[in-house]
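Asks: Quick one: this structure, given as structure tokens, is what I'll be asking you about.
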Ligand SMILES: Nc1nc2c(c(=O)[nH]1)N(C=O)[C@@H](CNc1ccc(C(=O)N[C@@H](CCC(=O)O)C(=O)O)cc1)CN2
Ligand SMILES: Nc1ncnc2c1ncn2[C@@H]1O[C@H](COP(=O)(O)OP(=O)(O)OP(=O)(O)O)[C@@H](O)[C@H]1O
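In the numbering used here, the protein residues as written are 16 to 206.
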């Protein structure tokens with residue numbers, strides 16, 4: 016199956032989740048994240064500011080801020096497909112980027128990708144082997160290889176996990192996969 020068709024199929028599965036399930040799953044996933052060794056030991060954590068349909072990890076980001084960690088989130092750049100890590104200091108008072116995604120307000124401090132310890136990675140589809148299907152713009156496929164020590168942990172609902180996914184040579188893999196069921200170590204390595 017082509018990537019586009021698989022994205023559509025997974026979107027439909029997410030849309031079938033009801034609000035109560037979504038709330039419970041988000042709570043469970045945030046608890047798995049903040050109790051993981053990677054999170055507890057990480058000093059610089061990259062997350063994302065969720066949109067509807069994505070696992071909301073605001074709670075984990077707030078916990079990281081409360082613990083005094085450096086927190087960053089994607090910032091879309093002018094160059095096509097390129098993003099940077101922008102420091103997040105508060106979850107209140109956020110702006111919107113060109114896609115309507117919440118984003119830190121200017122002026123923002125940019126965090127060097129090689130300084131990031133843990134990258135909580137959104138996406139549409141995942142496999143237990145660490146393959147990841149994104150939204151089709153290649154932002155994370157370009158960014159993850161620059162995070163030389165950062166461990167990529169995919170965040171999603173169990174309905175987003177598939178036996179297999181269509182992949183390309185440039186697709187960046189993840190090392191961990193966190194869903195409401197728990198945190199899995201991916202079988203074949205990401206980076
Ligand atoms: N919360 C969050 N922030 C993120 C990402 C993400 O997946 N989730 N990204 C991860 O890459 C980057 C933004 N990526 C995007 C990639 C494609 C489209 C896009 O093509 N949007 C279509 C609508 C279809 C859709 O919603 O995907 C459009 O604007 O027409 C938007 C954002 C950086 N920030
Ligand atoms: N590392 C890369 N270097 C150059 N082009 C890339 C790279 N990664 C992806 N691309 C391009 O970006 C586009 C989107 O790729 P793809 O469909 O694999 O995205 P995706 O898995 O949804 O990615 P992401 O979640 O990273 O946004 C493709 O046109 C692809 O050729």
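Cβ coordinates follow ideal geometry from the N, Cα and C atoms, glycine included. These figures come from a predicted structure and were not determined experimentally.
Taking the alpha helix (DSSP H) that residue 120 falls in, what are its first and last residues?
Replies: Element bounds for residue 120: n/a, residue is neither H nor E.
Asks: Please state whether DSSP places residue 37 in a helix, a strand or coil.
Replies: Correct three-state label for residue 37: helix.
Asks: With DSSP as the reference, please indicate the residues paired to residue 90 in a beta bridge.
Replies: 99.
Asks: Using the three-state DSSP reduction, which class does residue 143 fall into: helix, strand or coil?
Replies: Three-state DSSP puts residue 143 in coil, outside helix and strand.
Asks: Using 8 angstroms as the cut-off, can you tell me whether the stretch 30-38 makes contact with the stretch 53-60, which would need three or more C-beta pairs spanning the two stretches below that distance?
Replies: Taking 8 angstroms as the limit for Cβ pairs, the verdict is that the stretch 53-60 does not touch the stretch 30-38.
Asks: Check each residue's C-beta against every heavy atom of ligand 2 and list, in chain order, those closer than 7 angstroms.
Replies: Every residue passing the under-7 angstroms Cβ criterion appears here: 18, 96, 138, 147, 148, 149, 150, 151, 152, 153, 154, 155, 156, 157, 160, 183, 185, 186 and 187.
Asks: Within the 8 angstroms Cβ cut-off, does residue 104 reach chain B?
Replies: Among the chains in the structure shown there is no chain B, since it carries only a single protein chain.
Asks: Within 8 angstroms, do at least three Cβ pairs link the stretch 160-176 to the stretch 189-199?
Replies: Segments in contact, yes.
Asks: According to DSSP, which residues form a beta bridge with residue 169?
Replies: BP columns for residue 169 point to 136 and 192.
Asks: With a CB to CB cut of under 7 angstroms and the five nearest residues on each side skipped, what residues in its chain are close to residue 148?
Replies: Same-chain partners within the cutoff: 18, 21, 22, 138, 139, 140 and 180.
Asks: Can you tell me whether residue 203 is helix, strand or coil according to DSSP?
Replies: The answer is coil: DSSP assigns residue 203 none of H, G, I, E or B.
Asks: Beta carbon of residue 65: closer than 7 angstroms to some heavy atom of ligand 1?
Replies: Yes; taking the cut-off as 7 angstroms, the Cβ of residue 65 has a heavy atom of ligand 1 nearer than that.
Asks: Once the 5 residues before and after residue 87 are set aside, which same chain residues still bring their CB inside 8 angstroms of it?
Replies: Excluding sequence neighbours, residue 87 sits near 59, 60, 61, 62, 100, 101, 102, 103, 126 and 131.
Asks: Measuring only from the beta carbon, is residue 114 closer than 7 angstroms to any heavy atom that is part of ligand 1?
Replies: Yes, ligand 1 has a heavy atom inside 7 angstroms of this Cβ.
Asks: Where residue 108 and residue 121 are concerned, what is the direct C-alpha to C-alpha distance, given to the nearest angstrom?
Replies: Rounded to the nearest angstrom, the two C-alpha atoms are 11 angstroms apart.
Asks: With H, G and I counted as helix, E and B as strand and the rest as coil, what does DSSP make of residue 104?
Replies: Residue 104 falls in the coil class under three-state DSSP.
Asks: In this structure, how does DSSP classify residue 163 when only helix, strand and coil are distinguished?
Replies: Coil, per DSSP.
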